[in-house]
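> First residue of the sequence shown: 10, per this note's numbering; consecutive thereafter. I have a structure I would like to understand better, so I am pasting it below and will then ask my questions one at a time.
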Amino acid sequence: MTPRNVALIVPLYNEEALTGILVREIEAFRRTRPEVQEILLIDDGSRDATFRQLVRLTEGLDGYTLVRFSRNFGHQLAVTAGLDLATADAAVIMDADLQDPLDVAGQMIDKWKEGYDVVYGIRRERGGMSFTERWSARLFYRVFRRFSGVDAPLDAGDFRLVSRRVMDAWKGLSEQQPYVRGLIAWLGFNQTGIEYDRPERVAGTSKYPMVKRLQLALDGLASFSAQPLRLAVRLGLLLAAGSIAGLLWVLVTKYVLGTAITGWASLIFVGFFFGGLQLFFLGVVGSYLARVYDEVKDRPRYVVQDMRSSRGQAVGAAMPEQNAGAVVGEEPTKH
Ligand code: UDP
Ligand code: MG
Numbered sequence: 010m011t012p013r014n015v016a017l018i019v020p021l022y023n024e025e026a027l028t029g030i031l032v033r034e035i036e037a038f039r040r041t042r043p044e045v046q047e048i049l050l051i052d053d054g055s056r057d058a059t060f061r062q063l064v065r066l067t068e069g070l071d072g073y074t075l076v077r078f079s080r081n082f083g084h085q086l087a088v089t090a091g092l093d094l095a096t097a098d099a100a101v102i103m104d105a106d107l108q109d110p111l112d113v114a115g116q117m118i119d120k121w122k123e124g125y126d127v128v129y130g131i132r133r134e135r136g137g138m139s140f141t142e143r144w145s146a147r148l149f150y151r152v153f154r155r156f157s158g159v160d161a162p163l164d165a166g167d168f169r170l171v172s173r174r175v176m177d178a179w180k181g182l183s184e185q186q187p188y189v190r191g192l193i194a195w196l197g198f199n200q201t202g203i204e205y206d207r208p209e210r211v212a213g214t215s216k217y218p219m220v221k222r223l224q225l226a227l228d229g230l231a232s233f234s235a236q237p238l239r240l241a242v243r244l245g246l247l248l249a250a251g252s253i254a255g256l257l258w259v260l261v262t263k264y265v266l267g268t269a270i271t272g273w274a275s276l277i278f279v280g281f282f283f284g285g286l287q288l289f290f291l292g293v294v295g296s297y298l299a300r301v302y303d304e305v306k307d308r309p310r311y312v313v314q315d316m317r318s319s320r321g322q323a324v325g326a327a328m329p330e331q332n333a334g335a336v337v338g339e340e341p342t343k344h
């Protein structure tokens, strides 16, 4: 059998507190797993010493590629860059804070060798999350599955192994705001999961505040489902039907029972209520429109400021064309 090598894809954003532990753990892992030959560390525009530290820590080590975005483009795009750049036969996407344990990555590699194309981690326990965060996450995965019509695994984040076939298929997707876990589920292939307890991050603080988390959830839903738009149609019909019933009731009280209806002050609230509802759905429509606008502009999804290997070689032309225009250094991709 030809030797099959595996890549690790690790996005980092302001993680100076843990770069040392991360590289140490990866090196220890590689001693037990020599098939791990490519490590892509994607610095998502950190403002702290993350990149400098990575350069220093990996100097002279084999197989590291360091990528630095020109600014913070977001975790999902850092993962996208990793998937675009990886050359290995399979890649494991994992967080820098070691909340996605390396020994589980090892189990994923074993499953891949059994013939699976996607091996995702299913979170059994969630370390370091509040009650609300934990339950909102659980609820979201269920809502997503219901609305997206995609057979997405429940309680699985982006921690997963993907095979070369999946990475090649991935390159055909050029969404501006890719929702990685949803898209990989959408791609299909042989998928399986491994349950694991998610530990707390080894150092530093979460780079995913509630607002970003919510944004990711909304992005995920909007990129996979037009249900919110249909909801407006259904609710509109329901209200129209209700208002006809209301009109009949008004006519009956006036002409049959002979009493006028009092309490017209309540009208104003009815007015506000429907005004609010209309604005809300206008917003829903608007957010879909904004996504379309984003796609049409077809901007590069991320911009790479610096890319180098740990052996000191310049890594140049490795940017795949399908990336809907990734830009390396000074050379913008032509369309
Ligand atoms: N991350 C990133 N860009 C961002 C936010 C986060 O690359 O804008 C990285 C971060 O460095 C980490 C991973 O994404 O490796 C997951 O982030 P974090 O651990 O903060 O999220 P949580 O585990 O709290 O959901
Ligand atoms: Mg984390």
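Using N, Cα and C, we set each Cβ at its ideal position, and we do this for glycine too.
(1) Just to confirm, are Val64 and Pro20 a CB contact at a threshold of 8 Å?
(2) Contact defined as beta carbons within less than 8 Å: I believe Phe198 pairs with Val175. What is the distance between those atoms, to the nearest angstrom?
(3) With DSSP collapsed to three states, give me the class of Thr346.
(4) So Arg173 is in the alpha helix (DSSP H); what residue range does that whole segment cover?
(5) Candidates Val189, Ser252 and Gly158: which alpha carbon is nearest Gly83's?
(6) Using a threshold of 8 Å, state whether the C-beta atoms of Ala114 and Val127 are closer than that.
(7) Using 8 Å as the cut-off, can you tell me whether the segment 65-80 makes contact with the segment 45-53, which would need three or more C-beta pairs spanning the two stretches below that distance?
(8) From Thr96, Asp167 and Pro237, pick the residue whose C-alpha is nearest to that of Ser157; which is it?
(9) DSSP three-state call for Tyr22: helix, strand or coil?
(10) Rounded to a whole number of angstroms, what is the C-alpha to C-alpha distance between Leu27 and Gln185?
(11) Which term fits Glu123, buried or exposed, when burial requires 16 or more other beta carbons within 10 angstroms of its beta carbon?
(12) Which whole-angstrom value is the C-beta distance of Arg132 and Asp164, which I expect to be below 8 Å?
(13) Ignoring anything shorter than 3 residues or poking outside the segment 214-278, list the beta strand (DSSP E) runs there in chain order.
(14) Which class does Leu31 belong to by DSSP, given the choice of helix, strand or coil?
(15) Can you list, in chain order, the residues of its chain with a C-beta nearer than 7 Å to that of Ala348? Leave out the 5 residues immediately preceding and following it.
(16) Name the two residues that bound the continuous alpha helix (DSSP H) containing Asp112.
(17) Of the choices Glu142, Gly91, Val45 and Ile118, whose alpha-carbon is the least far from that of Arg310?
(18) Return yes when the C-beta of Ser215 is under 7 Å from any heavy atom of ligand 4, and no when it is not.
(19) Would you call the segment 64-74 and the segment 311-320 touching, i.e. three or more CB-CB distances under 8 Å?
(20) Could you tell me the alpha carbon to alpha carbon distance between Ala326 and Thr96, rounded to whole angstroms?
(21) Comparing alpha-carbon positions, which option in Ser145, Ala194 and Ala178 lies nearest Asp160?
(22) Where do the N-terminal and C-terminal ends of the alpha helix (DSSP H) with Leu86 fall, by residue?
(23) Tell me whether Arg13 sits in a helix, a strand or coil according to DSSP, three-state version.
(24) Could you give the distance in angstroms between the alpha-carbon of Asp104 and the alpha-carbon of Phe290?
(25) Measuring only the C-alpha atoms, how far is Leu244 from Leu17?
(26) According to DSSP, is Val152 part of a helix, a strand, or is it coil?
(27) Is Gln108 near ligand 2, in the sense that its beta carbon is under 7 Å from a heavy atom of that ligand?
(28) For Val159, does the three-state DSSP call read helix, strand or coil?
(29) Taking the alpha-carbon positions, what's the Val279 to Arg222 distance?
(30) Val220 to Ser145, Cα distance in whole Å?
(31) Please list the terminal residues of the continuous beta strand (DSSP E) segment that includes Val76.
(32) Leaving out five residues before and five after Gly29 in sequence, what residues of the same chain have Cβ atoms less than 6 Å from its Cβ?
(33) Looking at the secondary structure, which residues open and close the alpha helix (DSSP H) in which Ala194 lies?
(34) Check Leu50 in the structure and name its three-state DSSP category.
The relevant details are as follows:
(1) no
(2) Contact flag correct, Cβ pair sits at about 6 Å.
(3) Because the chain is modelled from 10 through 344, residue 346 falls outside the range shown and cannot be assessed.
(4) Arg173 to Trp179
(5) Val189
(6) no
(7) yes
(8) Pro237
(9) In the structure shown, Tyr22 falls within a coil segment according to DSSP collapsed to helix, strand and coil.
(10) 30 Å
(11) exposed
(12) 5 Å
(13) none
(14) Of the three classes helix, strand and coil, the one that applies to Leu31 here is helix, per DSSP.
(15) In this structure the chain extends from 10 to 344, so residue 348 is not present and cannot be described.
(16) Leu111 to Glu123
(17) Gly91
(18) The ligand content of the structure shown is limited to ligand 1 and ligand 2, which means ligand 4 is not among them.
(19) In short, these stretches touch, since the Cβ pair count reaches three.
(20) Any reading at Ala326 is ruled out, since the residue's pLDDT is 43, under 50, leaving its predicted position unreliable.
(21) Ala194
(22) Its alpha helix (DSSP H) spans residues His84 to Leu94.
(23) Here DSSP, grouped into helix, strand and coil, assigns Arg13 to coil.
(24) Just so you know, the alpha carbons of Asp104 and Phe290 end up roughly 36 Å apart.
(25) 47 Å
(26) helix
(27) Result yes, Cβ under 7 Å from ligand 2.
(28) coil
(29) 34 Å
(30) Rounded to whole angstroms, the separation of the alpha carbons of Ser145 and Val220 is 13 Å.
(31) Tyr73 to Phe78
(32) In the same chain as Gly29, and ignoring 5 residues on each side of it, no C-beta atom comes closer than 6 Å to its own.
(33) Segment Val189 to Leu196, the alpha helix (DSSP H) holding Ala194.
(34) strand
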